[in-house]
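First up is the structure itself, then whatever we jot down about it.
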Amino acid sequence: MLSIRSIFRPHIRLNSITLSSLSYSSSSAAAIQAEKTIKGGPRNDWTREEIKDVYDSPLLDLLFHGAQVHRYAHNFREVQQCTLLSIKTGGCSEDCSYCPQSSRYDTGVKAQRLMTKETVMEAAKRAKEAGSTRFCMGAAWRDTIGRKTNFNQILDYVKDIRDLGMEVCCTLGMLEKQQATELKKAGLTAYNHNLDTSREYYPNIITTRSYDERLETLQHVREAGINVCSGGIIGLGEAEEDRVGLLHTLATLPTHPESVPINALVSVKGTPLQEQKPVEIWEMIRMIGTARIVMPKAMVRLSAGRVRFSMSEQALCFLAGANSIFTGEKLLTTPNNDYDADQLMFKVLGLIPKAPSFSGEEDKACEAEQRQEAVSSSG
Ligand code: SF4
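873 is the number of the first residue of the sequence shown in the numbering used here; add one for each residue after it.
Written out as structure tokens, the structure reads:
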């Protein structure tokens, strides 16, 4: 079988056609940037125009070159399975226009207290038995400041889930530096905080916290040595330029996020975005293929909205470069794909579950400590 490297070797011929000429005959930005990524590895100096050109490439070309980069940077059969549990639902003070958990909208979601440890651990064990390797806990809060008791409980949950041999992720709103450090010490693998959309479109979606506050939380997470999980949502009424803007911000962070969730809006009755028309599969493929080329090593997660896509449509997303999904009946408060349907999909498409990874965490902790020491000694 030909490896991706051999595709770029000029002497290999198939049916009298030089494979390299096949590769070079396409001059789309997707082809050019995919080749650069494969040869030079990830980079953080993308211009917005470069990403726009990749995004605007002919769709099948983008899909093909996203697939090439995917095969270069990852085992293309492996798909990470994450389970997301809402451990504290509803009653959120923020005004995110897409969210049924905001207390500002009448969506029928009732505010609940933080789930007990017993309930959370049962869910984590069930998720593990079902093949999930990363367990994510979501709480509908603006931030965790002033929630010391709840925060300490969550630290305890993180430790125990980690002891099950699972990767652990949290999404608890904005984080202070100290809280990020405590989560790291408890064994947190990743912290999710999405940028949602471009900086320009953001004020149309959320007014109660700024884009810069979001970036600050990502900085705290990164500096604590926790993997950053950050992506966005399409279908909010944004222009394609905003999708490019979102990818540009993510791809030019000091290090690319470890995970990039690409969500398709699931419009919920009662929210300001209830009338948005559903995202089409072609829009998802375009986002995923572009994300794969500009952030080759990231886990690109086919996230909310997957429930609306058929197996064949999801197959195209995996081909374009997606390598992570959420499994379990619910995604926070919205429906998700059926467990049996996902099992069947893995079988039919020849996908295999990705094992949990704890490698590199020690290095990150060490780097974070060194940074801390450097800050202390310079102050
Ligand atoms: S997305 Fe998060 S922060 Fe925004 S309203 Fe929903 S729960 Fe609150």
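Every residue gets a Cβ at the ideal spot worked out from N, C-alpha and C, and that includes glycine. In this text, all values refer to a predicted model and were calculated from it rather than measured experimentally.
Would you mind reading off the limits of the beta strand (DSSP E) that contains residue i?
| i | result |
| --- | --- |
| L932 | L932 -> not in any beta strand (DSSP E); alpha helix (DSSP H) instead, spanning L931 to A945. |
| A902 | Run containing A902: none in the beta strand (DSSP E); it sits in the alpha helix (DSSP H), A901 to G912. |
| F1190 | Careful: F1190 lies outside any beta strand (DSSP E), inside the alpha helix (DSSP H) at M1183 to A1192. |
| K960 | E950 to K960 |
Out of curiosity, what's the CA-to-CA distance linking residue i and residue j?
| i | j | result |
| --- | --- | --- |
| I1160 | F936 | 12 Å |
| E1155 | T1021 | 42 Å |
| D1032 | E994 | 11 Å |
| L1122 | M1217 | 30 Å |
| A983 | S975 | 8 Å |
| R1034 | N1208 | 24 Å |
| S1229 | E1112 | 34 Å |
| Q973 | R1081 | 16 Å |
| L1137 | S1175 | 10 Å |
| K1056 | S900 | 42 Å |
| H1065 | M1046 | 8 Å |
| I1134 | V1151 | 12 Å |
Around the Cβ of residue i, are there at least 16 other Cβ atoms within 10 angstroms (buried) or fewer (exposed)?
| i | result |
| --- | --- |
| E1072 | exposed |
| R1094 | buried |
| N916 | exposed |
| K1141 | exposed |
| Y1211 | exposed |
| L894 | Bear in mind that a pLDDT of 48 at L894, under 50, signals an unreliable position, so the number given afterwards is only what the model happens to contain. Exposed. |
| M1183 | exposed |
| T1089 | buried |
Is the separation between the beta-carbon of residue i and that of residue j shorter than 7 Å?
| i | j | result |
| --- | --- | --- |
| G1103 | V1132 | yes |
| K960 | A1012 | yes |
| V941 | G962 | no |
| R1014 | S965 | yes |
Which residues bound the alpha helix (DSSP H) around residue i?
| i | result |
| --- | --- |
| N1253 | No information on residue 1253 is available, as it lies outside the stretch 873 to 1251 that the chain covers here. |
| F1218 | Y1211 to L1221 |
| C1041 | Careful: C1041 lies outside any alpha helix (DSSP H), inside the beta strand (DSSP E) at E1039 to T1043. |
| R998 | K989 to E1001 |
| M1046 | First-last for M1046: undefined, no H or E at that position. |
Near residue i, which residues of its chain fall below 6 Å by C-beta distance, leaving aside the five closest residues on each side in sequence?
| i | result |
| --- | --- |
| S1196 | Q952, M1171 and R1173 |
| F1023 | T1016 |
| G905 | What sits at residue 905 in the sequence shown is Gln, not Gly. Closer than 6 Å at the Cβ level, and outside the excluded window around Q905, lie V926 and I1165. |
Within a Cβ cutoff of 7 Å, which residues of the same chain sit near residue i, ignoring the five residues on either side of it in sequence?
| i | result |
| --- | --- |
| E1252 | The requested residue 1252 is not part of the displayed model; the chain covers only 873 to 1251. |
| A1002 | T1199 and Y1211 |
| T979 | P972, V1140, K1141, G1142 and T1143 |
Less than 8 Å between C-beta atoms, sequence neighbours within five positions excluded: which residues of the same chain meet that for residue i?
| i | result |
| --- | --- |
| Y1083 | L1067, R1071 and Y1074 |
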